[in-house]
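See below for the structure under consideration.
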Amino acid sequence: MGKIIALANQKGGVGKTTTTINLAASLATLEKSVLVIDADPQANASSGLGVDIKEVDCSLYECIIDHADIKDAIYTTDIEGLDIVPSHIDLVGAEIEMLKLNSREKVMSSLLAPIRDDYDYILIDCSPSLGLITVNALTAADSVIIPVQCEYFALEGISKLLNTIKIIKSKLNPKLEIEGFLLTMYDSRLRLARQIYDEVKRHFQELVFKAVIQRNVKLSESPSHGLPVILYDADSTGAKNHLSLAKEIIEKNKK
9 MGKIIALANQ
19 KGGVGKTTTT
29 INLAASLATL
39 EKSVLVIDAD
49 PQANASSGLG
59 VDIKEVDCSL
69 YECIIDHADI
79 KDAIYTTDIE
89 GLDIVPSHID
99 LVGAEIEMLK
109 LNSREKVMSS
119 LLAPIRDDYD
129 YILIDCSPSL
139 GLITVNALTA
149 ADSVIIPVQC
159 EYFALEGISK
169 LLNTIKIIKS
179 KLNPKLEIEG
189 FLLTMYDSRL
199 RLARQIYDEV
209 KRHFQELVFK
219 AVIQRNVKLS
229 ESPSHGLPVI
239 LYDADSTGAK
249 NHLSLAKEII
259 EKNKK
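All residue numbers for the sequence shown refer to my numbering, where the first residue is 9 and numbers rise by one.
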C-alpha cells in the first residue's frame, strides 16, 4: 500500500514545491513509483515537472468539485515512474465551494483511496496556507514533511503548523505522523544557518532529517526548464541533496 506524504508549511518560500518536485524525481530514480498531487493553486509543481497547465483538461480542481475520476487527471512526466495530478488557478475558489460539501475535510482522502495501491509514494504539495485544501491534504496523509528555511523567522511559523497537525490528528486523522523536518536553503558559510540547524535539532531531535538541502544555483534554475534538478544537472549539489533525502525516507519506511 502506498504511503501518502504531505509537504506543508503555511510560511511561503520555504522550498515546499522544490522539495516535492525533486524528492519525487529522486524516489522515481531509485525505482519507486511516485505520484505528485499538486494541491497549490499556483501550480508550480505541475509546471516544474513539465506539465503545460493550459493543455490540462482535468486537474485536481475537477476531481474535487466536479467529481471527475482522479485517473483522468493523472499525467505522466519525463521521468519513468513519476506521475502528477496537476493543479489549476481555480483551486483558489475550491475552498469556498467545498464549504457546502458533507465531510469536506475528507474529500482528498476519498479521491486518493482508489489509486493508493498503484504507487509506492504519493506526495502532496500543499499551498502556503492552513486553509481547507491543506487540511484535506493532512487528513489524507500518513505523514507530513515540514520544510524549514534556514533563516531567522523560520521557527516562528512552526508552532502554528504543529498545532494544526495536533488538531487534525485528534479530530480527523489519528494516524498522521511527522515524517520529518527538512532544513532547506542551507548555507554553511552563514553562522545564522548553523544556529537555526542546531535550534531545530535541539527541539525536534530524531525528527530532523540528516539530509539538508543546500542553496544551489542549479536547483533554482531547473524549474524554468520544466525539469527536476536530477535531469537538469545530476551532478549538482541540489540533485545529490534530494537523492540523500529520498534514500533516507526509503530507509526509514523499511522499518
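Built from N, CA and C at the ideal position, the CB exists for glycine as well.
Every unbroken stretch of the beta strand (DSSP E) spanning 3 or more residues and falling wholly within the segment 116-141 is given here in chain order: 129-134. Asn17 places its beta carbon less than 9 Å from that of Gly165. Closest in alpha carbon position to Ser55, among Thr37, Ile221 and His233, is His233.
For the pair of segments examined, the segment 16-35 was found to touch the segment 129-144: the number of CB pairs separated by less than 8 Å reaches three.
When C-alpha distances from Ala149 are compared across Leu38, Leu198 and Leu184, the shortest belongs to Leu184. Considering only Gly21, Glu105, Lys11 and Asp77, the residue with the shortest C-alpha distance to Leu43 is Lys11. Short of 8 Å from the beta carbon of Glu103, and not among the five residues preceding or following it, lie these beta carbons of its own chain, in chain order: Gly139, Leu140 and Ile141. Here DSSP, grouped into helix, strand and coil, assigns Lys40 to coil. Ile221 and His211 have their C-alpha atoms some 19 Å from each other. Judged by DSSP secondary structure, Gly188 falls within the beta strand (DSSP E) whose first and last residues are Glu185 to Thr192. Counting of Cβ neighbours within 10 angstroms places Asn110 among the exposed residues, the total staying below 16. Inside the segment 30-91, DSSP marks whole beta strand (DSSP E) runs of 3 or more residues at positions 42-47, from first to last along the chain. Assignment of Leu169 by DSSP, reduced to helix, strand and coil, places it in the helix class. Counting along the chain, no beta strand (DSSP E) covers Ser252; the unbroken alpha helix (DSSP H) around it starts and ends at Thr245 to Lys260. Between the segment 55-70 and the segment 35-42 there are fewer than three C-beta pairs closer than 8 Å, too few to call the two in contact.
By the Cβ test, the segment 168-179 is not in contact with the segment 80-93, since fewer than three Cβ pairs between them sit closer than 8 Å.
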